[in-house]
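Enquirer:
In our numbering, the protein residues as written are 70 to 412.
(1) If we count the other Cβ atoms within 10 Å of its Cβ and call it buried at 16 or more, is residue 248 buried or exposed?
(2) Pick out whichever of 238, 319, 134, 310 has its Cα sitting closest to the Cα of residue 217.
(3) Measure the C-alpha to C-alpha separation of residue 393 and residue 355 and round it to an integer number of angstroms.
(4) Under 8 Å: do the segment 187–201 and the segment 165–178 share three or more Cβ pairs, one atom per stretch?
(5) Hey, how far is the Cα of residue 299 from the Cα of residue 234?
(6) What residue ranges within the segment 237–298 form continuous alpha helix (DSSP H) runs of no fewer than 4 residues, ordered along the chain?
(7) Excluding the 5 residues flanking residue 289 on each side, which residues of the same chain have their C-beta closer than 7 Å to its C-beta?
(8) Where does residue 366 sit, in a helix, a strand or coil, going by DSSP?
(9) Excluding the 5 residues preceding and the 5 following residue 387 in the sequence, name in chain order all residues of the same chain whose CB lies nearer than 6 Å to its CB.
(10) Reducing DSSP to helix, strand and coil, say where residue 393 ends up.
(11) Give me the residue from 149, 129, 236 with the minimum Cα distance to residue 319.
(12) Among 165, 358, 183, 307, which one has its Cα closest to the Cα of residue 243?
(13) Please determine if the segment 335–349 and the segment 374–385 are in contact, where contact requires at least 3 C-beta pairs separated by less than 8 Å.
(14) Taking residue 50 and residue 180 to be in contact with their CB atoms under 8 Å, please state how far apart those CB atoms are, rounded to whole angstroms.
(15) Taking residue 345 as the reference, give the member of 376, 324, 361 with the closest Cα.
(16) With 16 other CB atoms within 10 Å as the buried threshold, where does residue 357 fall?
(17) Would you mind sorting residue 128 into buried or exposed? The rule is 16 or more other CB atoms within 10 Å of its CB.
(18) At the level of alpha carbons, what is the spacing between residue 287 and residue 271?
Have a look at this one:
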């Protein structure tokens with residue numbers, strides 16, 4: 070009997086040790102996001118196979134229901150009214166799995182929407198202990214970028230906290246802040262490796278920001294799936310997820326998706342704007358408690374201002390369709406389909 074008790078005790082201790090060594094199991098219990106700590110020497114560019122974001126896992130926890138056919142028809146008609154534009158739309162209803170997909174898996178220039186996966190990568194590095202939110206990051210000459218943001222006007226050598234850089238990357242779309250964080254995360258190759266491990270096969274960094282030539286790529290569906298997956302508890306702990314969406318709710322530019330929803334709805338989003346592409350991806354909560362993700366990417370003749378009109382129209386159509394009973398019934402009445410590849 071004594072030997073049996075001793076054996077059970079040893080087994081329990083061993084199980085506890087194995088649990089403690091499992092990074093995936095302990096990720097959601099981490100306080101690294103809000104409790105500053107010293108940076109570890111772990112290479113942020115090499116997530117382990119056990120960590121969230123292993124190949125093929127992105128979006129695996131999302132409900133996949135039926136196509137929102139009436140909504141898709143209305144969106145397609147709106148896009149057809151602008152023959153000079155090419156609209157790419159991905160919509161994921163997080164309540165019932167309904168979706169609409171219009172050329173959403175076509176690769177397009179990401180513009181500043183690429184900053185959303187960079188933010189997720191940054192928060193993962195915080196959780197892994199590779200960087201703390203209050204760590205100091207220093208602006209180097211190679212980081213300085215024209216276009217969006219205010220950091221470019223500060224002298225080289227100016228320091229910020231990592232959280233300040235992440236906040237400015239999203240809220241005012243600061244290109245210099247983005248370059249600082251990409252460098253701090255190990256460079257573009259390391260960040261691309263992280264994207265690929267999540268299952269983002271078409272979202273890649275090829276150029277530092279501002280990338281006016283559109284070499285950095287993504288798709289509307291990959292952006293929407295990433296935001297939906299994080300909202301659903303994938304890739305990040307709840308505390309990091311909440312911080313991510315708090316930052317995105319403070320995005321200053323509100324001329325696209327926010328214009329298609331009422332004032333009593335909330336949106337956490339990020340825009341992108343270069344000459345050839347205008348985009349926005351966001352998580353919307355309606356006053357009635359509905360939640361959905363929408364990603365709109367509009368390819369356009371150089372600086373065609375009608376792209377913004379189309380993005381606003383698509384946002385309004387989607388909000389009305391998702392929040393109405395008709396949109397819900399349509400999703401539930403359609404037979405289930407396999408996957409989201411409809412175009």
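The beta-carbon is built from N, C-alpha and C at its ideal position, and this holds for glycine as well.
Expert: This is what the structure holds:
(1) Buried: at least 16 other Cβ atoms inside 10 Å.
(2) Among 238, 319, 134, 310, the Cα nearest to that of residue 217 is on 238.
(3) Straight-line Cα distance between these residues: approximately 11 Å.
(4) Cβ pair count under 8 Å is below three, so no.
(5) Going by C-alpha positions, residue 299 is about 21 Å away from residue 234.
(6) Taken in chain order, the complete alpha helix (DSSP H) segments of 4 or more residues contained in the segment 237–298 are 244–253, 257–267.
(7) Correct list, in chain order: 157, 158, 159, 173, 364, 365, 366.
(8) DSSP places residue 366 in strand when its eight states are reduced to three.
(9) Hits under 6 Å: 160, 363.
(10) Residue state for residue 393 is assigned as coil, using DSSP reduced to three classes.
(11) Of the candidates 149, 129, 236, 236 places its Cα closest to the Cα of residue 319.
(12) For residue 243, the closest C-alpha among the options 165, 358, 183, 307 is that of 183.
(13) Yes, the segment 335–349 touches the segment 374–385.
(14) Past the edges of the chain, shown from 70 to 412, lies residue 50, and the structure says nothing about it.
(15) Nearest option by C-alpha distance: 376.
(16) Burial state of residue 357 is exposed, judged by a 10 Å Cβ sphere holding fewer than 16 other Cβ atoms.
(17) The residue is buried, with at least 16 neighbouring Cβ atoms inside 10 Å.
(18) Separation of residue 287 and residue 271 (C-alpha to C-alpha, rounded to the nearest whole angstrom) is 5 Å.
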